[in-house]
Each structure stands twice: as C-alpha cells, then as structure tokens.
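Numbered continuously in this note's numbering, the sequence shown closes out at residue 589. Ideal placement from N, C-alpha and C gives every residue a C-beta, glycine not left out. Reading through the structure tokens given below for one structure.
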Amino acid sequence: RFIKKLDKSFTIKYEQSNSDKSHTSQKWRIWSVHSDNSGSDENVAFIKDITNAVKNFDALFTSPSLGTGLDISEYHFDVVFGVFHGVSQTATECAQQLYRYRPKVPFHIWVAPRPPFGYQDTNASKIKERLLQTNEMTAFLLRIDRQTGKRGAEKDWALEAYCQIMANRHYSLNNLRDDLRSLLTEMGNTFIYMGSDSDPQSLESLKAAAQALDSAHNSAVAKAKNITLSEYRARQSKDYLDPNEIFECEKFRISDSYGIEVTESLVEMDKGGRLIRAFAGLEAILAPPEESFTDPKTGQSYPTPPTIVTQKDRTERDNLPLCIDWGNYSARWLARFNLGLHQILSSLMKGDEVTADDSTLLKMTEIAIHCAAHVKAILGFTIPLDCKPIWLLATLLEQLGLKLTFRKLGKRGQQVKLFSLSKEELEFAMHVIAHRETKRNQKENRTYYAAQPPAAYSVNPNQQAVSTPPPNAIGNSHCQGEDTTEFESPPTDRTTLLHCVEMLRSGIKQGVDAIKGILKRWVEDLRWDTVLELEAIAPDELRLVEDQVPEFYALLNEEVLPMEG
Numbered sequence: 025r026f027i028k029k030l031d032k033s034f035t036i037k038y039e040q041s042n043s044d045k046s047h048t049s050q051k052w053r054i055w056s057v058h059s060d061n062s063g064s065d066e067n068v069a070f071i072k073d074i075t076n077a078v079k080n081f082d083a084l085f086t087s088p089s090l091g092t093g094l095d096i097s098e099y100h101f102d103v104v105f106g107v108f109h110g111v112s113q114t115a116t117e118c119a120q121q122l123y124r125y126r127p128k129v130p131f132h133i134w135v136a137p138r139p140p141f142g143y144q145d146t147n148a149s150k151i152k153e154r155l156l157q158t159n160e161m162t163a164f165l166l167r168i169d170r171q172t173g174k175r176g177a178e179k180d181w182a183l184e185a186y187c188q189i190m191a192n193r194h195y196s197l198n199n200l201r202d203d204l205r206s207l208l209t210e211m212g213n214t215f216i217y218m219g220s221d222s223d224p225q226s227l228e229s230l231k232a233a234a235q236a237l238d239s240a241h242n243s244a245v246a247k248a249k250n251i252t253l254s255e256y257r258a259r260q261s262k263d264y265l266d267p268n269e270i271f272e273c274e275k276f277r278i279s280d281s282y283g284i285e286v287t288e289s290l291v292e293m294d295k296g297g298r299l300i301r302a303f304a305g306l307e308a309i310l311a312p313p314e315e316s317f318t319d320p321k322t323g324q325s326y327p328t329p330p331t332i333v334t335q336k337d338r339t340e341r342d343n344l345p346l347c348i349d350w351g352n353y354s355a356r357w358l359a360r361f362n363l364g365l366h367q368i369l370s371s372l373m374k375g376d377e378v379t380a381d382d383s384t385l386l387k388m389t390e391i392a393i394h395c396a397a398h399v400k401a402i403l404g405f406t407i408p409l410d411c412k413p414i415w416l417l418a419t420l421l422e423q424l425g426l427k428l429t430f431r432k433l434g435k436r437g438q439q440v441k442l443f444s445l446s447k448e449e450l451e452f453a454m455h456v457i458a459h460r461e462t463k464r465n466q467k468e469n470r471t472y473y474a475a476q477p478p479a480a481y482s483v484n485p486n487q488q489a490v491s492t493p494p495p496n497a498i499g500n501s502h503c504q505g506e507d508t509t510e511f512e513s514p515p516t517d518r519t520t521l522l523h524c525v526e527m528l529r530s531g532i533k534q535g536v537d538a539i540k541g542i543l544k545r546w547v548e549d550l551r552w553d554t555v556l557e558l559e560a561i562a563p564d565e566l567r568l569v570e571d572q573v574p575e576f577y578a579l580l581n582e583e584v585l586p587m588e589g
C-alpha cells in the first residue's frame, strides 16, 4: 500500500509541475513492484534479469514482495531508502530487504515508533495457552469433546514452534526501532541520527496520493464488467490476475455480498470486505441463542450459539486441519453475548435510547474491565482502566458496522445525552442481513432437492412400465394393458443447471425470440430452476429481462409456451 502511494505521489508531482509552464519539469523513470503486480508477465521478466533491468530506471520501489530470493549485484543507485511501519516485517526481514542491493551505499531508514495496531504478546507459553483456551471454548460450545476439540492435526513440536516463532515476531515488531538498530550495528553499520522532525509537505503528498488511489479503485470496481459465479470461482485458483480481472472479481464479491447495485460509494463503504464481515457479526449477535446447556464440571449454564455461527466453526474445523487457522466465531459470539450486547442491541433496535449511566451499560463495563484480557484476546481491542460505558458500546457497535447518534434533553446546564442507533447505518445493515438470509434459504433449498434419494425422482432405465388389466378383463384376454406409471422429471445436477443459466444469459443478449427458443427446449421445472439460479448469479440481468419481456414468467409455464417435441 505504501509503495503504491509513493508511486502515485511522484505521478501527482509530475502532473502538477507539468501543468506549471513557468518551470521545466523532469519526469523520473520509476519502476514499482508490489503484491498486486509482482506476478504480471512484465514483472516476472523484470525480476529474472533485475540487475540489468534497473539500469533503465532512476528509482525502484519495492514492497516486501522482493524481500528475499534476488539481489542487484552491480552499482546503479546512489542510496537505499527503507521505510518500515512495523506491520509484518521483523528486524531480520527489514535488514534482508535493505541488502537486496549489494553495493555499499548509504541507507536512509525510517521506522515507526510503535506498532500501528498495538503491542502483542511476547510470551510463547501465554500465546499457546490463549490459543488452546479459545479453541477449547469453541469446542465446548459446539458440543465437541474439549480435549480433542482444542487441537487440530498438528504435532506438539509444530504447535510449540509456531508459538515460539510468533513470540519472537511480536517482540521484534513491538521494538522494531531498537531491534533493527541493534541488528544493523552488529552487521558493521554506523548510525547518524537525523532527527525526528516530520515533513508536513510529504505527509500531505502521501495523503493526496492515497485519496487518488482510493478514488481510482472505487471507480474501476464500479465500472467493471459483470462476471458469473463460475468465472469468479475459476479465477480464485489463478496465481495472478490482471487489474481488470481483479476489479471484476471485487465487483462480483460486493454485488453478491450486499445484493444491490455496485456504486463507488458502496465500494468505499465495503473497505475491502471489512463491512460485510462486520454485518456477519451483527447478524450473529442479533440471532437468539439456540438453547442453554450446563457445564458438568462447573455447573454453570451457557447459551448455545446460533446455527449460522456454529456452522462456520464446524466448516473450518473440517476443512482446515491446523488449529492455528481456526476463526473461533462461537467464542467471539459468546464474548459479546456475555457482555450483554444481545440484550442492549435488541433494545436499541426497537428505537430505545440509553444514557451513560444506564444500569445495563454499567454492568457491561464492569464485566469488560474484569475480563479485559479475554476481550483483548477474542474481540481484539484493549479495555482501558477508566473505560467509559458509551465508549465501550460505541466500540462494540463499530465492530458490527453500526454507529451511535445522540440528542440532548433538558435545560442548559442540566442536559442529558440520549444515545440511539444511527438510522442510516441500521437500515442498510438490516437490508444486507435480509439478503444474506435469502441467499442461505436458496442454498438450503438447492441442497435439499439435490440430496433427495434418486429413486424418488429418477427412473431406472431397466424398469418396466407397470400395466394393469381393465376391470372387465377377468377371464377375458385383452389386447392392451393400461399404463399407470407416472414419472417425475429427474433433478437437475449443478453442472447442467449452470450450463442452462449461461444459455439463457446468451439468449437474453439476442432478444425475445432467442429467449423463447431456449425455453421451448426445457421442461417447466428446469425453466424455473434456471431462472432461480440466474436470480442468485446475475439479478441485474433478470431485472432487464422482466423489463424487456413483461410476460417472461408466464412463458415458464408449459401451457403458455409448450415444449418442442
């Protein structure tokens, strides 16, 4: 992200200087490599012969994508700049990246004074303990044996190694300035302190570049071509996607997630999927618990998380064999539920208002302070010692994609703030939750029909039609029996259904006659199955058909549009 902002800031500077006719502008020849473009054909060729390739450029911008596995052995650049934010690269990895350029030149290094997302635990034993405790709690909520449910397929030594590696990484990231200085000093470098004064002009330049990048990204996604679910899935297995394919996949994901037209403002709100994940958490905490059960060890009663939560945990445990990969959504749901968020949200959803001294909020704050370590480990934010009830509620709601608003009541000097949910965010969230529920119902229906026993729907090709004689045939020979077997149409398999959807989409582009010609080939059940699948994949195209062919749904009836042959 920083490399893209830096590259864009130089582009903006050039455009501004180029528009100023009183100055002669010099365009820098810059090549940038980052995670989004490192797999492109041109960058693959560039990296293979990087020592010679860089000689055509004045500057090379690289992200951690080029942190290892290559070097520039011949002299070309006069200086190496290192900017490290302490997000993912430890001191060792920072030093490796600085030394990708082998000739001895000055290093100009800036390191963030503190980790941008907070300090992390550096004790390997505590990391392991909290990991297993969270896994065990999720297993307990899923009614899985605690001892077997807290571990995956990993060996003891592998889990120990993972926790030790994470502890070492956390230590380096927590103290990146000192750690990198110490490492580079051991490697024979001498430091010259240049001060800590900030550069407002450069800061504003990077902010402008970030805004320009965001605006261009939002516009590109909104204007991208619509793709199908099958195309989206096929692209997920590719090693590299060109920018247009990335924008198309992002547009499909957003459209499928929210169920509305993709606009620039929606792309901005989505924030790379963070908003839809927040709405998933909101949907979970709004759902009532399935039932309560008692822990036989402690005698304490616990609520069972909703099915939409437990199903995600079970799926992850089935598909991801290592316990370090599990999301533990049930434990997250229980943490919010035990804080009383379900009860408070249910009240706020009805339009109720709360004050800072509300008894429910005070109780929630008391629990959060008492269980601060668990809140940090499971929900990911730190509870201050002087935690304010409204701050805590606002933080929890922000994780769920909601916001608080307030109004003042009373005379000046005696006013009280009444807090409620912001209607705009709430209405949008409820629309998305309704869309998610509709998608689940459609998926369950398709799964149900696909899982029906074949004998109930299909016909054995060796089966003979059952014939019974007419009533007056007793004692008299008959020339012909009466066929009483009624065959139901077989279910449509997934591959055939998707093929039919693509045929219908192709017909939509060609007009009404083409649509009728395609529908005539299918029985009524297949027509409806195809249209329902089209609704799930490309609702915009179905709306277009409804406008162009008002009698479209009537054509799905074989009495209106008989099947050919």
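For residue 573, same chain residues with a beta-carbon under 6 Å away, outside a window of 5 residues either side, are 536 in chain order. Taking C-beta atoms under 8 Å as the contact rule, residue 191 and residue 147 qualify, at a distance of about 6 Å. In summary, residue 203 is buried, with 16 or more beta-carbon neighbours lying within 10 Å of its beta-carbon over all protein chains present. Nearest neighbour of residue 122 by Cα position, chosen from 106, 113, 135 and 25, turns out to be 106. In this chain, residue 424 is not harboured by any beta strand (DSSP E), its DSSP state being neither H nor E.
Secondary structure note for residue 149: its alpha helix (DSSP H) is the uninterrupted segment 148 to 165.
C-alpha of residue 88 to C-alpha of residue 414: approximately 40 Å in a straight line. If the five residues before and after residue 145 are omitted, its C-beta is found closer than 8 Å to the C-beta atoms of 151, 154, 191 and 194, all from its own chain and listed in chain order. Counted as a single uninterrupted DSSP element, the stretch harbouring residue 363 is not any beta strand (DSSP E), since DSSP gives it neither H nor E.
DSSP, read as helix, strand or coil, puts residue 327 in strand. Separation of residue 555 and residue 546 (C-alpha to C-alpha, rounded to the nearest whole angstrom) is 12 Å. In this structure, DSSP gives residue 179 a state outside helix and strand, which the three-state scheme calls coil.
The DSSP assignment places complete alpha helix (DSSP H) segments of no fewer than 4 residues inside the segment 58 to 89 at 65 to 72 and 74 to 77, in order along the chain.
Ranked by how close their Cα comes to the Cα of residue 283, the residues 459, 81 and 83 have 459 in first place. Fewer than three Cβ pairs drawn from the segment 385 to 396 and the segment 342 to 352 lie within less than 8 Å of each other, which leaves the two stretches out of contact. Going by beta carbons, residue 237 and residue 28 fall inside the 8 Å limit. By the 16-neighbour rule on beta-carbons within 10 angstroms, residue 215 is exposed. Residue 207 and residue 196 have their C-alpha atoms roughly 11 Å apart.
In this structure, residue 355 sits near residue 158, with a CB-CB distance shorter than 8 Å. For residue 268, same chain residues with a beta-carbon under 6 Å away, outside a window of 5 residues either side, do not exist.
According to the DSSP assignment, residue 573 belongs to no beta strand (DSSP E), since it is labelled neither H nor E. When the alpha-carbon of residue 281 is set against those of 531, 288, 304 and 133, the nearest one is in 304.
Across the set 348, 257, 374 and 526, the C-alpha of 348 shows the shortest separation from the C-alpha of residue 182. Close CB contacts of residue 160 within its chain, under the 6 Å cut and outside five residues either way in sequence, are with 170 and 174 (chain order).
Exposure of residue 167 is indicated by the presence of fewer than 16 other C-beta atoms within 10 angstroms of its C-beta.
In this structure, DSSP gives residue 108 an extended state, which the three-state scheme calls strand.
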